[in-house]
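For any residue, its number in the working numbering is found by taking its place in the sequence shown, counting from 1, and adding 618. C-beta: ideal position from N, C-alpha, C; glycine also.
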Amino acid sequence: MLDKIKEIYQEIDQYNVTSKEQLEQFRMRYISRKGVVTELFEGLKSIPTEDRRAVGQELNGLKNLAQARFDEFNAHVEEQASTNSAPPVDLTLPTVPNLTGNQHPLVLVRQQIIQIFERIGFNVVDGPEIETDWYNFGALNFPVNHPARDMQDTFFVEKSSSDSSADVLLRTHTSNVQTRLMERQRNAAPGTFQPIRSIMPGRVYRNETISARAHCMFHQVEGIYIDRNVGFKDLKDTLYHFVKEMFEPGTQIRFRPSYFPFTEPSAEIDISCQICGGKGCNICKQSGWVEIAGSGMVDPQVLINCGIDPEEYTGFAFGMGIERITQLKFVVNDLRLYTENDVRFLRQFEGV
Ligand code: DAH
Numbered sequence: 619m620l621d622k623i624k625e626i627y628q629e630i631d632q633y634n635v636t637s638k639e640q641l642e643q644f645r646m647r648y649i650s651r652k653g654v655v656t657e658l659f660e661g662l663k664s665i666p667t668e669d670r671r672a673v674g675q676e677l678n679g680l681k682n683l684a685q686a687r688f689d690e691f692n693a694h695v696e697e698q699a700s701t702n703s704a705p706p707v708d709l710t711l712p713t714v715p716n717l718t719g720n721q722h723p724l725v726l727v728r729q730q731i732i733q734i735f736e737r738i739g740f741n742v743v744d745g746p747e748i749e750t751d752w753y754n755f756g757a758l759n760f761p762v763n764h765p766a767r768d769m770q771d772t773f774f775v776e777k778s779s780s781d782s783s784a785d786v787l788l789r790t791h792t793s794n795v796q797t798r799l800m801e802r803q804r805n806a807a808p809g810t811f812q813p814i815r816s817i818m819p820g821r822v823y824r825n826e827t828i829s830a831r832a833h834c835m836f837h838q839v840e841g842i843y844i845d846r847n848v849g850f851k852d853l854k855d856t857l858y859h860f861v862k863e864m865f866e867p868g869t870q871i872r873f874r875p876s877y878f879p880f881t882e883p884s885a886e887i888d889i890s891c892q893i894c895g896g897k898g899c900n901i902c903k904q905s906g907w908v909e910i911a912g913s914g915m916v917d918p919q920v921l922i923n924c925g926i927d928p929e930e931y932t933g934f935a936f937g938m939g940i941e942r943i944t945q946l947k948f949v950v951n952d953l954r955l956y957t958e959n960d961v962r963f964l965r966q967f968e969g970v
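The structure is reproduced here in structure tokens:
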């Protein structure tokens, strides 16, 4: 009997359980009423009385061991079941896309414009968005009450009661930086004028109702070149170069006579429509041409207003809208898209 008990001890010691089925087998064999341990207890009756106590103690030890091992296996199996219930990992699923930001289309186009002009010797100059009437209008030959002011509906910040050139407003064009720059270059060293070849990108404001075709806030790039012997041919060459670099090969360009108070002569620059290739569509209003910039030779009176001698120096200037150029390059037909921050619109410029 003691040998048998020893044998079962060893069996239990070496037993291992890794599943519910094995746990049940263990229970049936060592714990249940039909198991070996119960059977051994029944055998106690046939043990001589003097040995019965010692064998009984051994048997009790075996019974306790079987129960302790069962509890241990049970805990292990349950723990396994709970970790296995975590959702399975599907290694075939595509990875979550790693979203990176991208530049706003107006920033992309502004950078491209800057790069084109920097390569031909223009530097970039900044100027204020809140401006006095003098730098935005007066010095540029827009006299007070002159109808030319109606071309640009203005947001006023402060009206001066005595001197209207001191009125404060949101600049209606980047041409205010022309005026400031000319004045500054004249003052750079007394008695000398430092030639200018600069572009001035920036935000401008007009009191317009917001719609697909008009906005109260948009962007321009102003350009100005003033030195001895600068002529209209230089203006044309510069803008031909710009159009060639910026737009599709084969784009046509034309100069159309126009009027600006601060340039004489003045011209508007049209290019063949990038959308329909010049055949006529609703972007070009069926004409095949779209206007991209205003330009001209700086009016001698503007040079005088800024303290530069027009007998010695001449120059050209131009101004273009960044939204318009972006519209032509990327076929954006509603100006409001630029400021609505709709990611479905903005993401289309990823990697451009
Ligand atoms: N400032 C003009 C506008 O906003 C554009 C312009 C026209 C700028 C002719 C110039 C220029 O420098 O020479 O409509």
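- The beta carbon of residue 963 sits closer than 7 Å to those of 955, all from its chain and outside the five residues before and after it, given in chain order.
- With respect to the 9 Å criterion, residue 880 and residue 760 are classified as neighbours on the basis of their beta carbons.
- In the pairwise beta carbon analysis, the stretch 855-871 is classified as not touching the stretch 798-813: fewer than three pairs are separated by under 8 Å.
- Rounded to the nearest whole angstrom, the C-alpha separation of residue 684 and residue 649 is 7 Å.
- When only Cα atoms are considered, residue 970 and residue 727 end up about 10 Å apart.
- Here residue 769 is exposed: its Cβ has fewer than 16 other Cβ atoms, across all protein chains shown, within 10 Å.
- For residue 723, the enclosing alpha helix (DSSP H) begins and ends at 723-737.
- Beta-carbon to beta-carbon, residue 915 and residue 850 are separated by about 6 Å, close enough to satisfy the 8 Å threshold.
- Pairing residue 783 with residue 799, the inter-Cα distance amounts to about 18 Å.
- Here the C-alpha atom of residue 875 lies approximately 15 Å from the C-alpha atom of residue 934.
- Counting C-beta atoms within 10 angstroms of its own C-beta, residue 796 has 16 or more neighbours from the protein chains shown and is therefore classed as buried.
- The beta carbon of residue 630 is closer than 8 Å to those of 648, 680, 683, 684 and 687 in its chain, skipping five residues each way along the sequence.
- Taking all protein chains in view, the Cβ of residue 820 is crowded by 16 or more other Cβ atoms within 10 Å, so the residue is classified as buried.
- Between the ligand DAH and residue 881, a heavy atom-to-CB distance of less than 8 Å is present.
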